[in-house]
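**Student:** Read top to bottom, the protein sequences are chains B, F and A.
Counting from 1, position 121 in the first sequence corresponds to residue 121 in the working numbering; the numbering is continuous, with no gaps.
Counting from 1, position 158 in the second sequence corresponds to residue 158 in the working numbering; the numbering is continuous, with no gaps.
Counting from 1, position 52 in the third sequence corresponds to residue 52 in the working numbering; the numbering is continuous, with no gaps.
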Amino acid sequence: MDRIPILRMGNFLLVTIQVDLYDRLAQNLESDLVQMVSKTGARGVLIDISALSIVDSFMGRIIGNIGSVSKIMDAETVVVGMQPAVAITLIELGLELKGVHTALNVERGMQLLKEKILIEESEPDEE
Amino acid sequence: MKLEIAKTLQKKKKQILELWMQNQLKDESLREDLMSNDELRKESDELLNYLLDSLNDENISNIQSSDFDSLNEMISGISITRARQGFSPKETGYYIFSLREALLQALHKDFKGDVNDLMTVTLQMVKLVDGLAAVTFETFIKGREEVILRQTDEITEISTPVIRVWDGILALPIIGTLDSARTQVVMENLLVEIVASGSSIAILDISGVPAVDSLVAQHLIKTVSATRLMGAECIISGIRPEIAQTVVHLGIDLSNIVTKATLASALRYAFALLKLEVKKSTKSEV
Amino acid sequence: MYIVLNKDRMVIEKEQDVVPYRNRVKEFAVKIGMSLVNQTKLITAASELVRNMLKYANGGVTTIEVISKGRENGIRLIFEDKGPGIADIKLAMKDGFSTGKSLGLGLPGAKRLSSEFDIKSTVGKGTTVTLIKWKNG
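Below is the structure:
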């Protein structure tokens, strides 16, 4: 069965989607990722979609789901590398990917995740 | 009785060309500045050859016949070239209409004996040349349209420059009305440039947009949302008081968007986001 | 009216047919020189409609055509299924409405992404959706 590999990097999980997604593959990714978050106690999930030439409402929903479920399990999700044409199309379609953060590339995404987690961790001390 | 118009014409080809050239040369709309007389003669000769070669007594009353395809093609070519060279429609039209005169003049002698024959011949010639003229006008206008379309493309291209104002900050001054076609170009240019430059902030300056109605506002909101999806922030600057008023009166919700009055204040805000500071130097020399 | 310049038909029966179908649509769009953004819009709309066909009608037949009207070239996609049909098209075209468990953006979203969009449906017989994306539209 086709699966998209999930890499673990310290506190973070890293997914690079390199193939065109069909629905089952996207659904598998969602459940695999959620399982991994719970198993590893990851604090951040980074999904690189720079190789995706289209994102339709179903994939958009899967990405949104990953974000919401991870959030409940105390992990932030950031989607990086969206193609300009994909962004324009998603807006026209009416999808805004609420619940996930976005960044230009993997490097910025990592930085963003680190900042988010740092803020959260430092918050209790400030009070 | 058969009139054998086609044969008569073919026999008189040389005479027709002379008459046609005379007609063209004596007309005051002749554009010697755009085309030399030698060139004109060559072109006319060629066209006449095509016409007389494809003409016979069957197809003479049917300009739609496929026999005339190569002729029509040539006329189209001539008309489009003339449109591009800057000939007026009248000048281009006269080129074909003066041929009718020449054809009629040439045929007149042979058929003047019988009024009915002359009438038939005249009608057929008029119909034939009218058909050619229709082709001319159609392609002439097409040629012009192409010029206009190309210019439109150029205007869209130059009217949406994306400027790198700082490391990581892009600015895009929009001048003129934002319609959906233009928004798409603006969005595309902006997003592509964001990726290319790795910028995290884009400033959309609308000082040059004459009016913001709900449609324009929607286009702006779409652009901001698309920028955010890419992982960059988008600020809208250059909001004049009138525009701010209309936006509020129309009930457009811009509360999710960072708006600034001037490009300068947007830049200041962008510096703050990037944790940059602009300081006056203590040193006196530059 | 429209002149059809090129035509292809594909049968969609299972989920895995979707990826080759999208690639085929892309090939057609690239061939007529459609811009990347319009290509993406077209393929996304196609993806939505093919999913609907699989989900509600267990598949169907799609037609991809290169068409021209005047000086404009474009791609026309037709989706025909023999599914249950749509009882209230107006409602189905509304954002956020779904009889399945989805976002309900499929049909209205596909319409927004197309230049021209038409849907015909008879309950119990099936649904036909036709969309056109012009090269520059």
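By construction, the Cβ of each residue, glycine as well, lies at the ideal position given by its N, Cα and C atoms.
This one's a predicted model, so the numbers in the text were calculated from it and none came from an experiment.
At which residues does the beta strand (DSSP E) containing residue 84 of chain B begin and terminate?
**Tutor:** Annotation: residue 84 of chain B is outside any beta strand (DSSP E); the continuous alpha helix (DSSP H) that includes it extends over 84-93.
**Student:** Output needed for residue 57 of chain A: all residues of its chain with C-beta closer than 8 Å, excluding positions within five of it in sequence on either side, in chain order.
**Tutor:** 81, 82, 83, 84, 126, 127
**Student:** With three or more beta-carbon pairs closer than 8 Å as the criterion, would you say the segment 87-94 of chain A touches the segment 46-57 of chain B?
**Tutor:** no
**Student:** Could you tell me the distance, in whole angstroms, from the CA atom of residue 110 of chain B to the CA atom of residue 65 of chain A?
**Tutor:** Spanning the two alpha carbons is a distance of roughly 44 Å.
**Student:** For residue 37 of chain A, would you say it is in contact with chain F, using Cβ-to-Cβ distances shorter than 8 Å as the test?
**Tutor:** yes
**Student:** What is the residue span of the alpha helix (DSSP H) that residue 225 of chain F lies within?
**Tutor:** First-last of the alpha helix (DSSP H) with residue 225 of chain F: 214-230.
**Student:** Using 8 Å as the threshold, is the C-beta distance between residue 47 of chain A and residue 56 of chain B below it?
**Tutor:** yes
**Student:** Hey, how far is the Cα of residue 211 of chain F from the Cα of residue 243 of chain F?
**Tutor:** 7 Å
**Student:** For residue 102 of chain F, does the three-state DSSP call read helix, strand or coil?
**Tutor:** helix
**Student:** Cα-Cα, which of A/63, A/115, A/7, A/35 is closest to residue 77 of chain A?
**Tutor:** A/63
**Student:** Which ranges would you report for the alpha helix (DSSP H) in the segment 167-210 of chain F if only whole runs of at least 4 residues count?
**Tutor:** Counting only runs of at least 4 residues, the segment 167-210 of chain F fully encloses the following alpha helix (DSSP H) elements, listed from N- to C-terminal order: 180-197.
**Student:** Using C-beta distances below 6 Å, list every residue in its chain close to residue 68 of chain B, excluding the 5 sequence neighbours before and after it, in chain order.
**Tutor:** 99
**Student:** So, is the C-beta of residue 193 of chain F closer than 8 Å to a C-beta in chain A?
**Tutor:** no
**Student:** Output needed for residue 6 of chain F: all residues of its chain with C-beta closer than 7 Å, excluding positions within five of it in sequence on either side, in chain order.
**Tutor:** Correct list, in chain order: 55, 56, 57, 60.
**Student:** Quick check: the segment 27-41 of chain F against the segment 90-98 of chain F, are at least 3 beta-carbon pairs closer than 8 Å?
**Tutor:** yes
**Student:** Mapping the DSSP letters down to three states, classify residue 26 of chain A as helix, strand or coil.
**Tutor:** Collapsing the DSSP output to three states places residue 26 of chain A in a helix.
**Student:** Compare the C-beta of residue 54 of chain B against all C-beta atoms of chain A and say whether one is closer than 8 Å.
**Tutor:** Output row for residue 54 of chain B: interface = yes.
**Student:** Determine which residues of the segment 209-242 of chain F have a Cβ less than 7 Å from any Cβ of chain B, and write them out in chain order.
**Tutor:** 222, 225, 226, 228, 229, 230, 231, 232
**Student:** In terms of alpha-carbon separation, which member of F/165, F/166, F/217, F/87 lies closest to residue 180 of chain F?
**Tutor:** F/217
**Student:** Which of the three DSSP states is assigned to residue 69 of chain F in this structure?
**Tutor:** helix
**Student:** By how many angstroms is the C-alpha of residue 90 of chain F removed from the C-alpha of residue 23 of chain F?
**Tutor:** 15 Å
**Student:** Anything in chain B within Cβ reach of residue 47 of chain A, meaning under 7 Å, just list it in chain order.
**Tutor:** Residues of chain B passing the Cβ test: 54, 56.
**Student:** Could you tell me if residue 129 of chain B is buried or exposed, where buried requires 16 or more neighbouring beta carbons within 10 angstroms of its beta carbon?
**Tutor:** Residue 129 of chain B cannot be examined here, being either before or after the span of chain B that is shown, 1 to 127.
**Student:** Give the secondary structure of residue 103 of chain B by DSSP, where H, G and I count as helix, E and B as strand, and everything else as coil.
**Tutor:** DSSP places residue 103 of chain B in strand when its eight states are reduced to three.
**Student:** In the DSSP assignment, find the unbroken beta strand (DSSP E) run with residue 49 of chain B in it and report its ends.
**Tutor:** Neither: residue 49 of chain B is in no beta strand (DSSP E) and is coded neither H nor E.
**Student:** Restricting to Cα atoms, I'd like to know which of F/232, F/87, F/237 is closest to residue 80 of chain B.
**Tutor:** Of the candidates F/232, F/87, F/237, the one whose C-alpha sits nearest the C-alpha of residue 80 of chain B is F/232.
**Student:** For residue 262 of chain F, which of F/111, F/8, F/207 has the nearest alpha-carbon?
**Tutor:** Among F/111, F/8, F/207, the Cα nearest to that of residue 262 of chain F belongs to F/207.
**Student:** Taking DSSP's pairing of strands, which residues face residue 132 of chain B in a bridge?
**Tutor:** Coverage of chain B is limited to positions 1 through 127, which leaves residue 132 of chain B absent and any answer about it impossible.
**Student:** Can you list the residues of chain B that residue 99 of chain A reaches, using a CB-CB cut of under 9 Å?
**Tutor:** Near residue 99 of chain A there are no residues of chain B at all, since even the closest Cβ is about 15 Å away, more than 9 Å.
**Student:** Locate the beta strand (DSSP E) running through residue 5 of chain A, then write down its first and last residues.
**Tutor:** 3-12
**Student:** In chain A, which residues lie less than 9 Å from residue 58 of chain F when you measure between Cβ atoms?
**Tutor:** Result: empty, since nearest Cβ-Cβ is about 29 Å, beyond 9 Å.
**Student:** Taking 8 Å as the CB-CB limit, is residue 184 of chain F close to chain A?
**Tutor:** Output row for residue 184 of chain F: interface = yes.
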